[in-house]
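>
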(Lines of atoms letter the chains of each structure in order from A and count residues from 1; the text may use other names and numbers.)
(Lines give C-alpha, C1' and ligand atoms only; values in the text may rest on other atoms or scores of the structure.)
Protein backbone atom coordinates (compact mmCIF):
# COMPACT_ATOMS: atom_id res chain seq x y z
CA UNK A 1 0.00 0.00 0.00
CA UNK A 2 1.43 3.38 -0.98
CA UNK A 3 1.40 6.37 1.36
CA UNK A 4 -1.39 7.96 -0.69
CA UNK A 5 -3.45 4.75 -0.57
CA UNK A 6 -2.90 4.50 3.19
CA UNK A 7 -4.05 8.08 3.71
CA UNK A 8 -7.20 7.41 1.70
CA UNK A 9 -7.84 4.20 3.60
CA UNK A 10 -7.94 5.98 6.98
CA UNK A 11 -9.96 8.94 5.72
CA UNK A 12 -12.88 9.59 8.06
CA UNK A 13 -16.26 9.43 6.38
CA UNK A 14 -19.11 11.63 7.62
CA UNK A 15 -21.93 9.96 9.55
CA UNK A 16 -24.94 9.34 7.26
CA UNK A 17 -27.64 11.91 8.08
CA UNK A 18 -29.98 11.56 5.11
CA UNK A 19 -33.61 11.52 6.32
CA UNK A 20 -32.50 11.95 9.94
CA UNK A 21 -33.47 14.68 12.39
CA UNK A 22 -32.42 15.60 15.92
CA UNK A 23 -34.91 16.62 18.61
CA UNK A 24 -33.71 18.46 21.73
CA UNK A 25 -36.13 18.75 24.64
CA UNK A 26 -35.50 20.38 28.01
CA UNK A 27 -37.53 21.78 30.86
CA UNK A 28 -39.18 20.69 34.11
CA UNK A 29 -39.09 16.96 34.74
CA UNK A 30 -42.34 15.06 35.17
CA UNK A 31 -43.79 11.65 34.46
CA UNK A 32 -44.63 10.80 30.86
CA UNK A 33 -42.26 13.01 28.87
CA UNK A 34 -40.39 10.19 27.11
CA UNK A 35 -43.63 8.34 26.40
CA UNK A 36 -45.28 11.46 24.95
CA UNK A 37 -42.38 12.18 22.62
CA UNK A 38 -42.12 8.54 21.54
CA UNK A 39 -45.84 8.47 20.83
CA UNK A 40 -45.60 11.41 18.42
CA UNK A 41 -42.62 9.90 16.61
CA UNK A 42 -44.32 6.50 16.48
CA UNK A 43 -47.45 8.06 15.01
CA UNK A 44 -45.34 9.20 12.05
CA UNK A 45 -43.53 5.82 11.74
CA UNK A 46 -40.25 7.47 12.70
CA UNK A 47 -37.47 5.12 13.78
CA UNK A 48 -35.54 6.29 16.86
CA UNK A 49 -31.82 5.90 16.07
CA UNK A 50 -30.48 7.12 19.41
CA UNK A 51 -31.91 8.56 22.61
CA UNK A 52 -30.06 10.16 25.53
CA UNK A 53 -31.75 11.69 28.55
CA UNK A 54 -30.82 13.16 31.91
CA UNK A 55 -32.69 14.55 34.91
CA UNK A 56 -30.91 16.46 37.66
CA UNK A 57 -33.77 15.64 40.03
CA UNK A 58 -36.65 13.26 39.17
CA UNK A 59 -38.93 15.13 41.57
CA UNK A 60 -39.52 18.30 39.60
CA UNK A 61 -35.92 18.97 38.58
CA UNK A 62 -34.64 19.81 35.12
CA UNK A 63 -35.03 17.27 32.31
CA UNK A 64 -32.96 17.00 29.13
CA UNK A 65 -33.35 14.69 26.13
CA UNK A 66 -31.64 14.30 22.76
CA UNK A 67 -33.32 12.06 20.22
CA UNK A 68 -32.15 11.25 16.70
CA UNK A 69 -34.76 9.64 14.48
CA UNK A 70 -35.01 8.51 10.87
CA UNK A 71 -38.06 9.22 8.76
CA UNK A 72 -38.62 8.59 5.06
CA UNK A 73 -39.27 11.76 3.04
CA UNK A 74 -38.13 13.77 6.07
CA UNK A 75 -38.09 17.22 4.48
CA UNK A 76 -41.72 16.99 3.43
CA UNK A 77 -42.95 15.40 6.65
CA UNK A 78 -40.92 17.28 9.28
CA UNK A 79 -43.30 20.31 9.51
CA UNK A 80 -46.22 18.06 10.51
CA UNK A 81 -44.02 16.21 13.03
CA UNK A 82 -43.17 19.57 14.58
CA UNK A 83 -46.82 20.63 14.75
CA UNK A 84 -47.74 17.38 16.50
CA UNK A 85 -44.83 17.73 18.94
CA UNK A 86 -45.87 21.27 19.71
CA UNK A 87 -49.44 20.17 20.42
CA UNK A 88 -48.39 17.20 22.53
CA UNK A 89 -45.80 19.09 24.60
CA UNK A 90 -48.35 21.84 25.27
CA UNK A 91 -50.47 19.33 27.23
CA UNK A 92 -49.17 20.30 30.67
CA UNK A 93 -45.47 19.81 29.92
CA UNK A 94 -43.22 22.74 30.83
CA UNK A 95 -40.78 22.03 28.03
CA UNK A 96 -38.85 23.78 25.29
CA UNK A 97 -37.68 21.97 22.18
CA UNK A 98 -35.76 22.35 18.95
CA UNK A 99 -36.06 20.13 15.88
CA UNK A 100 -33.47 20.10 13.08
CA UNK A 101 -32.87 18.22 9.85
CA UNK A 102 -29.37 16.76 10.25
CA UNK A 103 -28.74 16.84 6.51
CA UNK A 104 -28.47 20.64 6.78
CA UNK A 105 -25.08 21.35 8.44
CA UNK A 106 -24.75 24.36 10.69
CA UNK A 107 -22.85 27.32 9.26
CA UNK A 108 -19.82 28.46 11.24
CA UNK A 109 -17.53 31.47 11.11
CA UNK A 110 -14.05 31.05 12.58
CA UNK A 111 -12.27 34.01 14.18
CA UNK A 112 -8.47 33.81 14.44
CA UNK A 113 -5.36 35.87 15.11
CA UNK A 114 -1.70 35.00 14.47
CA UNK A 115 -1.67 31.63 16.26
CA UNK A 116 -2.96 29.26 13.60
CA UNK A 117 -2.90 25.81 15.23
CA UNK A 118 -6.60 25.69 16.17
CA UNK A 119 -7.75 27.39 12.96
CA UNK A 120 -5.89 25.08 10.59
CA UNK A 121 -6.82 22.00 12.62
CA UNK A 122 -10.53 22.83 12.28
CA UNK A 123 -10.19 23.41 8.54
CA UNK A 124 -8.26 20.17 8.11
CA UNK A 125 -10.80 18.15 10.13
CA UNK A 126 -13.61 19.72 8.14
CA UNK A 127 -11.96 18.74 4.84
CA UNK A 128 -11.63 15.15 6.13
CA UNK A 129 -15.35 15.03 6.93
CA UNK A 130 -14.86 14.95 10.70
CA UNK A 131 -16.84 18.14 11.40
CA UNK A 132 -20.43 18.26 10.05
CA UNK A 133 -20.45 22.01 9.40
CA UNK A 134 -20.24 24.50 6.55
CA UNK A 135 -17.37 26.91 7.15
CA UNK A 136 -18.84 30.18 5.90
CA UNK A 137 -15.76 32.32 6.46
CA UNK A 138 -12.64 33.00 8.48
CA UNK A 139 -12.21 36.45 10.02
CA UNK A 140 -8.87 37.53 11.41
CA UNK A 141 -7.38 40.70 12.84
CA UNK A 142 -4.10 39.78 11.08
CA UNK A 143 -3.56 38.85 7.39
CA UNK A 144 -0.96 36.15 8.15
CA UNK A 145 -3.18 33.08 7.57
CA UNK A 146 -4.95 34.31 4.43
CA UNK A 147 -3.16 31.99 1.98
CA UNK A 148 -3.56 28.91 4.19
CA UNK A 149 -7.28 29.55 4.66
CA UNK A 150 -7.92 30.16 0.95
CA UNK A 151 -6.09 26.88 0.20
CA UNK A 152 -9.07 25.17 1.89
CA UNK A 153 -11.48 27.09 -0.35
CA UNK A 154 -12.82 29.19 2.54
CA UNK A 155 -13.39 32.97 2.24
CA UNK A 156 -10.93 34.99 4.34
CA UNK A 157 -11.61 38.47 5.69
CA UNK A 158 -8.98 40.64 7.33
CA UNK A 159 -10.63 43.01 9.83
CA UNK A 160 -8.04 44.99 11.84
CA UNK A 161 -8.94 45.44 15.50
CA UNK A 162 -6.52 47.55 17.50
CA UNK A 163 -6.85 49.90 20.43
CA UNK A 164 -9.52 50.08 23.11
CA UNK A 165 -12.34 51.07 20.72
CA UNK A 166 -13.43 47.95 18.80
CA UNK A 167 -16.72 49.39 17.55
CA UNK A 168 -15.66 49.85 13.92
CA UNK A 169 -14.26 46.31 13.70
CA UNK A 170 -17.31 44.81 15.38
CA UNK A 171 -19.63 46.72 13.04
CA UNK A 172 -17.79 45.15 10.08
CA UNK A 173 -17.97 41.73 11.74
CA UNK A 174 -21.73 42.08 12.07
CA UNK A 175 -22.11 43.03 8.40
CA UNK A 176 -20.21 39.90 7.40
CA UNK A 177 -21.92 37.56 9.83
CA UNK A 178 -25.58 38.41 10.08
CA UNK A 179 -27.75 35.96 8.19
CA UNK A 180 -24.73 33.87 7.17
CA UNK A 181 -23.78 31.84 10.26
CA UNK A 182 -25.36 29.68 12.95
CA UNK A 183 -22.47 29.88 15.40
CA UNK A 184 -18.98 31.34 15.80
CA UNK A 185 -15.72 29.75 16.94
CA UNK A 186 -12.90 31.81 18.43
CA UNK A 187 -9.87 29.76 17.37
CA UNK A 188 -7.33 31.58 19.54
CA UNK A 189 -8.78 34.96 18.57
CA UNK A 190 -6.83 37.28 20.83
CA UNK A 191 -9.44 40.03 21.15
CA UNK A 192 -12.18 40.60 23.72
CA UNK A 193 -15.70 40.78 22.31
CA UNK A 194 -17.97 43.48 23.69
CA UNK A 195 -21.27 42.68 25.36
CA UNK A 196 -23.03 44.66 22.66
CA UNK A 197 -21.50 42.50 19.93
CA UNK A 198 -22.36 39.25 21.74
CA UNK A 199 -25.98 40.37 22.06
CA UNK A 200 -26.35 41.71 18.52
CA UNK A 201 -24.73 38.80 16.69
CA UNK A 202 -27.41 36.53 18.15
CA UNK A 203 -25.67 33.14 17.71
CA UNK A 204 -23.65 30.94 20.11
CA UNK A 205 -19.92 31.68 20.34
CA UNK A 206 -17.37 29.03 21.37
CA UNK A 207 -13.96 29.97 22.78
CA UNK A 208 -10.81 27.98 23.57
CA UNK A 209 -8.04 28.85 26.02
CA UNK A 210 -5.45 27.20 28.25
CA UNK A 211 -6.65 25.92 31.63
CA UNK A 212 -4.16 27.83 33.77
CA UNK A 213 -6.81 30.42 34.59
CA UNK A 214 -7.19 32.03 37.06
CA UNK A 215 -3.72 31.16 38.39
CA UNK A 216 -1.68 32.57 35.49
CA UNK A 217 -3.45 35.58 34.02
CA UNK A 218 -2.17 37.76 31.17
CA UNK A 219 0.84 37.40 28.91
CA UNK A 220 3.29 34.50 29.10
CA UNK A 221 1.16 31.95 30.99
CA UNK A 222 3.41 29.03 30.01
CA UNK A 223 6.50 30.80 31.32
CA UNK A 224 4.68 31.48 34.59
CA UNK A 225 3.55 27.85 34.72
CA UNK A 226 7.11 26.65 34.16
CA UNK A 227 8.34 28.82 37.02
CA UNK A 228 5.76 27.26 39.33
CA UNK A 229 6.62 23.73 38.21
CA UNK A 230 3.17 22.76 36.96
CA UNK A 231 2.57 19.08 36.33
CA UNK A 232 -0.56 19.40 34.16
CA UNK A 233 -1.23 21.37 30.97
CA UNK A 234 -4.80 21.65 29.77
CA UNK A 235 -7.40 23.49 27.72
CA UNK A 236 -11.02 24.60 28.16
CA UNK A 237 -13.69 25.17 25.49
CA UNK A 238 -16.71 27.17 26.61
CA UNK A 239 -19.52 29.36 25.41
CA UNK A 240 -18.81 33.08 25.42
CA UNK A 241 -20.75 35.39 27.73
CA UNK A 242 -20.20 38.98 28.83
CA UNK A 243 -18.25 37.64 31.81
CA UNK A 244 -14.79 37.00 30.37
CA UNK A 245 -13.84 33.29 30.28
CA UNK A 246 -16.68 32.38 32.66
CA UNK A 247 -19.26 30.99 30.22
CA UNK A 248 -20.68 27.43 30.35
CA UNK A 249 -17.93 24.86 29.82
CA UNK A 250 -18.34 22.39 26.94
CA UNK A 251 -15.15 20.35 27.14
CA UNK A 252 -11.80 20.20 28.99
CA UNK A 253 -8.73 17.98 28.91
CA UNK A 254 -5.24 17.80 30.41
CA UNK A 255 -1.92 16.06 29.82
CA UNK A 256 0.94 15.50 32.27
CA UNK A 257 4.19 17.41 31.91
CA UNK A 258 7.44 17.25 33.85
CA UNK A 259 10.30 19.36 35.16
CA UNK A 260 12.26 18.45 32.01
CA UNK A 261 9.80 20.21 29.69
CA UNK A 262 10.90 23.65 28.51
CA UNK A 263 8.53 26.56 28.09
CA UNK A 264 8.50 25.78 24.36
CA UNK A 265 7.62 22.15 25.15
CA UNK A 266 4.74 23.29 27.35
CA UNK A 267 3.45 25.58 24.60
CA UNK A 268 3.63 22.81 22.00
CA UNK A 269 1.87 20.30 24.22
CA UNK A 270 -0.68 22.90 25.25
CA UNK A 271 -1.43 23.59 21.58
CA UNK A 272 -2.04 19.86 21.05
CA UNK A 273 -4.62 19.81 23.85
CA UNK A 274 -6.27 22.99 22.59
CA UNK A 275 -6.74 21.49 19.11
CA UNK A 276 -8.31 18.31 20.47
CA UNK A 277 -10.59 20.04 22.97
CA UNK A 278 -11.82 22.68 20.51
CA UNK A 279 -12.54 20.17 17.74
CA UNK A 280 -14.61 18.04 20.12
CA UNK A 281 -16.56 21.08 21.34
CA UNK A 282 -17.26 22.21 17.78
CA UNK A 283 -18.35 18.75 16.68
CA UNK A 284 -20.64 18.26 19.69
CA UNK A 285 -22.22 21.67 19.23
CA UNK A 286 -22.73 21.11 15.51
CA UNK A 287 -24.46 17.80 16.24
CA UNK A 288 -26.76 19.36 18.89
CA UNK A 289 -25.17 17.32 21.64
CA UNK A 290 -24.76 20.28 24.01
CA UNK A 291 -27.66 21.77 25.99
CA UNK A 292 -27.02 24.97 27.93
CA UNK A 293 -28.66 25.17 31.35
CA UNK A 294 -28.01 28.17 33.58
CA UNK A 295 -24.20 28.49 33.63
CA UNK A 296 -23.32 24.90 32.79
CA UNK A 297 -23.94 22.36 30.05
CA UNK A 298 -25.34 18.88 29.58
CA UNK A 299 -23.25 17.12 26.93
CA UNK A 300 -24.54 13.94 25.31
CA UNK A 301 -21.19 13.00 23.77
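Residue numbers (the UniProt record's numbering): 1 to 301.
By construction, the Cβ of each residue, glycine as well, lies at the ideal position given by its N, Cα and C atoms.
All values derive from a computational prediction rather than experimental measurement.
Residue 111 lies in the beta strand (DSSP E); which residues open and close that run?
106-112
> Restricting to Cα atoms, I'd like to know which of 256, 17, 27, 41 is closest to residue 294.
27
> Taking DSSP as the reference, what is the three-state secondary structure of residue 93?
coil
> Any idea if residue 215 is buried or exposed, counting beta-carbon neighbours within 10 angstroms, 16 or more meaning buried?
exposed
> So, is residue 79 buried or exposed, given that buried needs 16 or more other C-beta atoms within 10 angstroms?
exposed
> Between 174, 217, 245, which lies nearest to residue 109 when the distance is taken from Cα to Cα?
174
> For residue 27, which of helix, strand or coil comes out of DSSP?
The answer is strand: DSSP assigns residue 27 an E or B state.
> To which residues of the same chain is residue 287 closer than 7 Å at the C-beta, ignoring the five residues directly before and after it?
132
> Could you tell me how far apart the beta carbons of residue 278 and residue 237 are, in whole angstroms, since I believe they sit closer than 8 Å?
Going by Cβ atoms, the distance from residue 278 to residue 237 rounds to 5 Å, so yes, they are a contact pair.
> Consult DSSP for residue 170 and reduce its assignment to one of helix, strand or coil.
helix
> Under three-state DSSP, which class holds residue 287?
coil
> Is residue 235 helix, strand or coil when you go by DSSP?
strand
> When you compare each of 59, 92, 44 to residue 84 by their alpha carbons, which one comes out closest?
44
> State the start and end residues of the unbroken alpha helix (DSSP H) segment that holds residue 35.
33-43
> Starting from residue 252, trace the alpha helix (DSSP H) in both directions and tell me its first and last residue.
Element bounds for residue 252: not the alpha helix (DSSP H) but the beta strand (DSSP E), 249-256.
> Which of the three DSSP states, helix, strand or coil, is assigned to residue 126?
helix
> Let me make sure I understand the geometry here. Which of 128, 135, 90, 122 has the alpha-carbon closest to that of residue 104?
135
> Pick from 20, 146, 71, 268: whose alpha carbon is nearest that of residue 210?
268
> Between the C-alpha atoms of residue 25 and residue 298, what's the straight-line distance to the nearest angstrom?
Residue 25 and residue 298: Cα-Cα distance of roughly 12 Å.
> On the DSSP bridge list, what partners appear for residue 292?
297
> Below 8 Å, how does it come out for the stretch 243-251 and the stretch 198-212: are there three or more Cβ pairs, yes or no?
yes
> Thinking residue 146 and residue 160 are a contact (beta carbons under 8 Å), I'd like their distance in whole angstroms, please.
Contact doesn't hold; Cβ gap of about 13 Å is too wide.
> Bridge partners for residue 140 per DSSP, in chain order?
112, 158
> From residue 48 to residue 241, what distance separates their C-alpha atoms?
34 Å
> According to DSSP, residue 263 sits in a beta bridge with which residue or residues?
DSSP, once it has assigned bridges, lists no residue as partnering residue 263.
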